[in-house]
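Residue numbers (my numbering), protein chains in the order written: chain A, 1 to 143; chain B, 144 to 286.
Positions of the beta carbon are idealized from the N, C-alpha and C atoms, including for glycine.
Structure record follows, encoded as structure tokens.
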């Protein structure tokens, strides 16, 4: 992670993309343990089929975490002020997920230099699987 | 758990049995997270089949934990001095595991009142899946 300053950021700029995957089933097992979300549709093939999903699907929050990693890899974990996504499509084992974003606003609030980013995750077919918005507070080069 | 005193215990006596299961696949996922043993043969059907196991098998340490629970339910968690089992047969989802034991020795060491128990776990067909030995230190009614 390099230091990112508000002066380096312009509206319309793309955030550095990260790619995650191919997603492994065992990662879903690990994420179940880490998140304490033991819904069997994420880890037990049979249960996912019975639920009509055709097989296990990733936890939505894992996809969100990938998008979060893109933001914090770029700007640092202490910079994120607000972050939300909605889940659009299912993510499955073997999917490769690309996390992307664009700066859509830059503003000052209570003396903080802030940016709003549109962020999303897409699969290898270019379909968005999650999308949302993040607000980051960035340091300034000027004291 | 009732208090168990050395005076209540005779060689040849059976320990109170506990039954665990039917074993759920999701319990193996939970145990993977709790133990940090993410070997896919315990949680991913496909990997277990590829490994020639015909399907997922329980972590041996989970079976051992069941036997441990029989001991600590009976005598208390602070009473176990030594505990080992060897794994004999595979445990699979839907198995019901009965944990049993017998007191095989009673002795004094360094002023402690100790018992040795033969302990084992068996499936619903009466096949032993794990067996071993435990040493417990028990309190005396005499001051």
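Beta-carbon gap between residue i and residue j smaller than 9 angstroms
| i | j | result |
| --- | --- | --- |
| residue 147(B) | residue 281(B) | yes |
| residue 186(B) | residue 43(A) | yes |
| residue 101(A) | residue 14(A) | yes |
| residue 148(A) | residue 135(A) | Residue 148(A) is absent from the structure shown; chain A starts at 1 and stops at 143. |
| residue 26(A) | residue 140(A) | no |
| residue 16(A) | residue 73(A) | yes |
| residue 30(A) | residue 175(B) | yes |
Close-in-space but distant-in-sequence residues of the same chain around residue i (CB under 8 angstroms, 5 per side omitted)
| i | result |
| --- | --- |
| residue 115(B) | Here chain B comprises residues numbered 144 to 286, so residue 115(B) is not present and cannot be evaluated. |
| residue 162(B) | 239, 240, 241 and 242 |
| residue 171(B) | 185, 186, 199, 201, 202, 205 and 236 |
| residue 86(A) | 130, 131 and 132 |
| residue 23(A) | 58, 91, 92, 93, 94, 95, 96 and 97 |
| residue 9(A) | 103, 106, 115 and 138 |
| residue 251(B) | 257 |
| residue 209(B) | 161, 163, 240, 242 and 264 |
Proximal residues to residue i (C-beta, below 7 angstroms), its chain only, five neighbours per side dropped
| i | result |
| --- | --- |
| residue 227(B) | 275 and 276 |
| residue 192(B) | 198 |
| residue 255(B) | 280 |
| residue 247(B) | 154, 259, 260 and 261 |
| residue 181(B) | 175 |
| residue 51(A) | 41 |
| residue 177(B) | none |
| residue 253(B) | none |
Same chain only: Cβ atoms within 6 angstroms of residue i, ignoring 5 sequence neighbours per side
| i | result |
| --- | --- |
| residue 249(B) | 154 and 258 |
| residue 40(A) | 47 |
| residue 213(B) | 161 and 242 |
CB-CB length for residue i against residue j, believed under 8 angstroms
| i | j | result |
| --- | --- | --- |
| residue 232(B) | residue 270(B) | 6 angstroms |
Residue i CB to nearest heavy atom of the ligand NAP below 8 angstroms
| i | result |
| --- | --- |
| residue 184(B) | The ligand content of the structure shown is nil, which means the ligand NAP is not present either. |
>> Measuring CB atoms only, is the stretch 122 to 129 of chain A touching the stretch 91 to 104 of chain A, in the sense that at least three cross pairs come out at less than 8 angstroms?
In response: yes
>> Count Cβ pairs between the stretch 107 to 119 of chain A and the stretch 204 to 211 of chain B that sit closer than 8 angstroms; are there 3 or more?
In response: no
>> Across the stretch 191 to 200 of chain B and the stretch 214 to 223 of chain B, are there enough close Cβ pairs to call them in contact, namely three or more that are closer than 8 angstroms?
In response: no
> Quick one, which residues of the stretch 156 to 176 of chain B are near chain A if we go by CB-CB under 7 angstroms, in chain order?
Replying inline: 168, 169, 172, 173, 175 and 176
> Quick one, which residues of the stretch 39 to 71 of chain A are near chain B if we go by CB-CB under 7 angstroms, in chain order?
Replying inline: 40, 43, 44 and 45
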